[in-house]
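Peer 1: Shown below is the structure under consideration.
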Amino acid sequence: MKNSLIPINFLETPTDNSDTIAGLKDFWKKVFPLISYREKHFDDVWKNGTEEEIFAELVFCLFTPQSKAVSCWAAVNDLADKNMIFNSKEEDIAKTIKKVRFRNNKAKYVVKTRKLFTTSGKISIKEKLKSFKDTDELRKWLINNIKGIGYKEAGHFLRNIGIGKDLAILDRHILKNLKVYGTIKEIPKTLNAKTYLRIEKQMQDFAKNIGIPMSHLDMLFWCKNTGGIFK
72 MKNSLIPINF
82 LETPTDNSDT
92 IAGLKDFWKK
102 VFPLISYREK
112 HFDDVWKNGT
122 EEEIFAELVF
132 CLFTPQSKAV
142 SCWAAVNDLA
152 DKNMIFNSKE
162 EDIAKTIKKV
172 RFRNNKAKYV
182 VKTRKLFTTS
192 GKISIKEKLK
202 SFKDTDELRK
212 WLINNIKGIG
222 YKEAGHFLRN
232 IGIGKDLAIL
242 DRHILKNLKV
252 YGTIKEIPKT
262 LNAKTYLRIE
272 KQMQDFAKNI
282 GIPMSHLDML
292 FWCKNTGGIF
302 K
């Protein structure tokens, strides 16, 4: 799979300090072309991506907890360039992903997950993902069967491959903005399953009420605070 990952670039955007719904919708109009462009990228990953490329997106989401997304994707690309994702031992993967926090544990997760999706010596992931009746059921399966994957990481993975557009990715940027716009009263100290699903429903209702797609709202909050869209 050397050098075969679908390329993606960091999209620079304006930032925005407004705290009104009207201001949020105005900002959405400004960055709409970039958000739509990135959403198309996610759609293309699912439509045109190989088994290996889809699996690489899952590896990326295994890396992201408490690490920077850009660094994690660089680590995935480094592994791909060295043909290490699909045949290397966990200790060799750990040595390579030095900029990923908790790299020893995450290398173990990669190897365990690789075994889960290996059939007759080859990665086979798309058919498994297609076998579920909806994304909620698929997300539950991912959480229950893959070490290192929780609600946020599972939603992140499914969004990044274009099939989880109505799922929330509740990181600090999203939670901060949900509080700003009155969707939640306080940012929870911990996110257990019950709390996560409750806030996700509140975010879905908020998106519907203001007329901004859920998939756009996630990226909108990100670029509003960080000045960019990645993955």
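Just so you know, my numbering puts 226 at position 155 of the sequence shown, and the rest follows in order with no gaps. Ideal Cβ placement from N, Cα and C applies to all residues, glycine included. Predicted model only: the values in this text are computed from it and were never measured.
#1: Of the residues VAL102, ILE156, TYR108 and ASP276, which one's Cα is nearest the Cα of GLU128?
#2: Around the C-beta of ASP163, are 16 or more other C-beta atoms found within 10 angstroms, so that it is buried, or is it exposed?
#3: From ILE77 to ASP149, what does the alpha carbon distance come to, in whole angstroms?
#4: By a C-beta neighbour count over all protein chains shown, 10 Å radius and 16 as the cutoff for buried, is THR91 buried or exposed?
#5: In chain order, what are the residue ranges of uninterrupted alpha helix (DSSP H) at least 4 long that sit wholly in the segment 114-196?
#6: Can you give me the start and stop residues for the alpha helix (DSSP H) that GLY282 sits inside?
#7: Quick test of your reading: LYS177 and PHE134, contact by CB under 8 Å. State the CB separation rounded to the nearest angstrom.
#8: DSSP state of GLU83, grouped into three classes?
#9: Rounded to whole angstroms, what's the CA-CA distance from ASN108 to VAL102? Just pull it up for me.
#10: Quick one: using the 10 Å Cβ neighbour count with 16 as the cut-off for buried, is SER89 buried or exposed?
#11: List the whole-angstrom C-beta distance separating ILE21 from LEU246, where the pair is believed to meet the contact cut-off of C-beta under 8 Å.
#12: Suppose you measure from the CA of THR86 to the CA of VAL251; what does that come to, to the nearest Å?
Peer 2: Result, derived from the coordinates:
#1: Locating residue 128 in the sequence shown gives position 57, counting from the first residue. The shortest Cα separation from GLU128 among VAL102, ILE156, TYR108 and ASP276 belongs to ILE156.
#2: Numbered from 1 along the sequence shown, position 92 holds the residue referred to as residue 163. Label assigned to ASP163: exposed.
#3: Start at 1 with the first residue of the sequence shown, and residue 77 comes out as number 6. Start at 1 with the first residue of the sequence shown, and residue 149 comes out as number 78. So the two alpha carbons sit approximately 13 Å from each other.
#4: To locate residue 91, count along the sequence shown from 1; it is residue 20. Label assigned to THR91: exposed.
#5: 122-134, 140-152, 161-167 and 174-187
#6: Within the sequence shown, numbered from 1, the residue matching residue 282 stands at position 211. It is not in any alpha helix (DSSP H) - GLY282 carries neither H nor E in the DSSP assignment.
#7: Numbered from its first residue, the sequence shown carries residue 177 at position 106. Numbered from its first residue, the sequence shown carries residue 134 at position 63. LYS177 to PHE134, Cβ: 6 Å. Contact.
#8: For the purposes of this step, residue 83 is taken as the residue at position 12 of the sequence shown. Looking at GLU83 - three-state DSSP - the assignment turns out to be strand.
#9: Your numbering for residue 108 matches position 37 in the sequence shown. Your numbering for residue 102 matches position 31 in the sequence shown. In the sequence under discussion, the amino acid at residue 108 is Tyr, which differs from the Asn named in the question. About 10 Å.
#10: Indexing the sequence shown from 1 puts residue 89 at position 18. It is exposed - the Cβ of SER89 has fewer than 16 other Cβ atoms within 10 Å.
#11: Beyond the ends of the chain as shown, which are 72 and 302, falls residue 21; an answer cannot be given.
#12: Residue numbering aside, residue 86 sits at position 15 when the sequence shown is read from its first letter. Residue numbering aside, residue 251 sits at position 180 when the sequence shown is read from its first letter. Spanning the two alpha carbons is a distance of roughly 15 Å.
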